[in-house]
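As given, the protein sequences belong to chains A and B, one line each in that order. When we follow the numbering used here, the leftmost residue of the first sequence carries the number 2, and every step to the right adds one. When we follow the numbering used here, the leftmost residue of the second sequence carries the number 5, and every step to the right adds one. Every residue, glycine too, gets a C-beta built ideally from N, C-alpha and C.
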Amino acid sequence: MTAPPLTKTPPPSADAARPLVPAAHPPGRRNRRVDALTATLFVSPAMIGFFIFVIVPAVGGLVLAFFEWDLFGTPVFVGLDNIVRLFTDPDMWQALGVTVLFVVMGVIPTIIIGFLLAVVVNSNMPGIGAWRVLYFTPMIASAAVAAIIWVNLYNGRSGLVNQFLALFGVDGPNWLSDPTWARPALVIMMIWGALPIVIILYLAGLQRVPEDIYAASSLDGAGKWRQLWSMTWPNVWGTTLLIAVLQAVGFVSGSFEIALIMTDGGPLGTTQSLALYSYKVAFTQRDIGYASALSLFQLVLIIVIVLLSRAIVRTRKERS
Amino acid sequence: MHPRLYNAFRYALVVVCGLVLAIPLLFMVSGSLKSAREINAFPQPLLPETPIWQNFADAWNFLTPQVIGNTFIFSLGVVGLQLLISLPAAFALAKIPFKWTGLILATLVVPMFVPANLTLIPLFVVTFQLGWLNSFAGLIIPMAAQCAFAILLFRQFFATLPPGLIEAARIDGAGWPRVFGSIALPLAKPALATFCSISFLTAWNMYIWPLVVAPNPAQRVINVALAPLAGGENSTISPAVGLAGAVIAMIPVLIVFIVLQKWYIKGVVGTGLE
């Protein structure tokens with residue numbers, strides 16, 4: 002967020018102002034002590050909370066991956082057992098596959114649809130503000146609210162999705178209990194939920210595309226559709242990459258609440274991502290150590306995604 | 005294409021795409037007023053013949069005023085506590101000369117990139133060890149302590165305050181608490197609007213944290229109460245009542261979002277671009 006400038010006078014630099022400070026506040030050691038003391042008092046409540054509920058869990062999560070613990074007894078150090086188990090656990094491999102599928106099926110459509118919708122609403126015609134709210138509303142539906150809505154929409158008999166398909170003579174499946182269709186059903190729903198953020202970010206990106214590139218191309222007689230892909234799209238490339246990373250991370254972890262509420266990972270584990278699997282290992286099997294190892298593995302996946310995106314940026318820069 | 009025809013086409017496109025995106029929510033509203041027979045019918049009518057307002061009374065009774073009260077306590081508690089600890093910290097990190105500022109900022113930034121569900125288990129363990137399960141303290145404090153975003157947002161704002169303004173007040177003999185309370189804070193309204201809207205929406209919509217930390221009825225929040233309605237098709241409660249419950253759950257966030265939309269979006273864009 003950038004805040005508007007508050008005064009019209011240019012701010013004098015602190016160093017320049019210092020010699021002018023009169024005797025009431027001597028720039029002495031005492032003053033510096035007051036500064037340090039006040040800063041400490043101001044910062045401490047937040048930092049104590051941050052330490053206990055962010056740093057300790059972060060380190061604790063790493064450490065717990067090497068223990069066996071049921072939350073109530075004494076944790077037993079088991080070395081690399083949990084890590085070894087990770088790679089020999091068929092449920093883990095299935096969950097990993099589901100996670101990868103969620104990302105693959107979700108990210109690219111989200112980006113393309115989000116980009117097109119952002120281009121559509123990126124206009125200053127009268128009343129656009131009110132219509133834009135429609136585009137942002139999916140964002141404010143919680144996982145539980147979205148689940149209640151979509152369970153009804155996906156209902157095999159009376160759901161609107163199948164009624165819509167029936168118009169074309171298609172006999173829709175019983176989406177959420179069909180091993181083939183449950184996963185795409187959840188992906189569609191997640192795309193719907195992710196679009197507002199993508200649209201907002203693309204709108205911000207589109208504001209920075211210089212107008213004059215279009216003026217030049219209109220003279221060349223380029224059609225609007227071609228203009229879109231050959232001029233606008235390359236110009237928001239930085240935004241696209243950012244969105245790709247955010248959404249990849251989002252689909253790795255975000256698939257979890259919705260699947261937990263709607264399908265509980267089923268049918269036949271087809272919607273059980275790594276995040277949901279580690280949640281179940283922790284909270285239904287009370288196997289805290291192995292669940293922590295699973296979380297750690299997800300963290301590694303996310304780091305790989307981020308590093309990959311960096312490598313893409315670098316090669317892209319070298320080419321241009 | 006003729007420019008006026010093009011504009012009409014553009015307008016139609018905006019409206020149609022917006023409506024398509026909003027179909028699930030429009031369905032939620034229309035479905036919440038259908039009779040049990042209508043919502044289970046095939047084909048299901050798009051609109052109820054006569055709106056069944058009783059669904060909302062049933063949903064309200066199912067959710068109970070206590071659950072709704074709990075959700076307000078939780079959300080406002082998280083927002084309030086975050087403000088209380090983040091504002092002074094952000095001010096100190098932006099304006100008070102302090103040798104640890106750099107280190108603190110570096111520490112704050114790193115965990116921001118780790119998705120919340122990865123730290124869910126150890127955070128639960130810490131809360132459990134503190135004996136805070138099934139309490140508002142356990143519900144609110146660990147979430148309020150995830151304050152890196154708040155501190156960085158406010159610090160960025162305080163950093164834009166002209167140093168001259170603060171120097172002048174210091175020369176007049178104002179202590180840091182006064183500079184903070186009567187100069188910096190009143191100017192921080194835009195940042196406050198951004199933060200409060202984002203933080204309130206996030207807290208109100210939380211599901212997994214309240215589910216694992218405080219599943220007891222005494223602290224149950226609205227999303228935890230609603231979620232079971234989405235699970236089974238054999239539930240004894242009409243889907244229409246479930247949808248009415250979903251509408252009730254969305255009203256507070258919808259109001260906050262519409263009122264603070266501009267600030268909310270600014271915040272989302274700001275964090276996305278860093």
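At a Cβ-Cβ threshold of 9 angstroms, residue 132 of chain A and residue 263 of chain B do not count as neighbours. Taking C-alpha positions only, residue 248 of chain B is separated from residue 306 of chain A by approximately 40 angstroms.
Residue 90 of chain B reaches chain A at 47, counting residues in chain order whose Cβ is nearer than 8 angstroms.
Using a Cβ-Cβ cut-off of 9 angstroms, residue 58 of chain A counts as an interface residue toward chain B, since at least one Cβ of chain B sits closer than that to its own. Residue-level contact by beta carbon fails for residue 109 of chain A and chain B, as no gap is shorter than 9 angstroms. Here residue 176 of chain B is exposed. Its C-beta has fewer than 16 other C-beta atoms within 10 Å. Take residue 197 of chain A, set aside five residues on each side of it, and the residues of its chain with a beta-carbon closer than 7 angstroms to its own are 136, 137, 139 and 140, in chain order.
Within the same chain, and ignoring the five residues on either side of residue 66 of chain B in sequence, the residues whose Cβ sits closer than 7 angstroms to its Cβ are 241, 245 and 249. Between residue 212 of chain B and residue 258 of chain A, the CB-CB gap stays under 9 angstroms. DSSP assignment within the stretch 68 to 152 of chain A yields the following whole alpha helix (DSSP H) runs of 4 residues or more, N-terminal first: 82 to 89, 91 to 122 and 129 to 137. Around the Cβ of residue 64 of chain A, a 10 Å sphere holds fewer than 16 other Cβ atoms; the residue is exposed. When only Cα atoms are considered, residue 167 of chain A and residue 49 of chain B end up about 14 angstroms apart.
DSSP, reduced to helix, strand and coil, places residue 241 of chain B outside both helices and strands of the structure shown, so it counts as coil. Contact annotation: residue 253 of chain A and residue 192 of chain A have beta-carbon atoms that are not nearer than 9 angstroms.
Boundaries of the alpha helix (DSSP H) around residue 312 of chain A: 289 to 320.
Counting along the chain, the unbroken alpha helix (DSSP H) around residue 225 of chain A starts and ends at 225 to 228. No residue range can be given for residue 156 of chain A, since it is assigned to no alpha helix (DSSP H) and is classified by DSSP as neither H nor E. In this structure, residue 111 of chain A sits away from residue 256 of chain A, with a CB-CB distance that is not shorter than 9 angstroms.
Contacts with chain B at 9 angstroms (Cβ-Cβ) include residue 42 of chain A. In chain order, 239, 241, 246 and 249 place their CB closer than 7 angstroms to the CB of residue 233 of chain B, counting only its own chain and leaving out the 5 sequence neighbours on each side.
Taken in chain order, the unbroken stretches of alpha helix (DSSP H) that lie wholly in the stretch 53 to 114 of chain B and span 4 residues or more are 58 to 99 and 105 to 113. Distances from the alpha-carbon of residue 309 of chain A to those of A:247, A:205, A:155 and A:183 put A:247 closest. DSSP places residue 7 of chain B in the uninterrupted alpha helix (DSSP H) bounded by 7 to 35.
Boundaries of the alpha helix (DSSP H) around residue 41 of chain B: 40 to 44. With the criterion set as a beta carbon lying under 9 angstroms from some beta carbon of chain A, the stretch 59 to 81 of chain B has no members that meet it.
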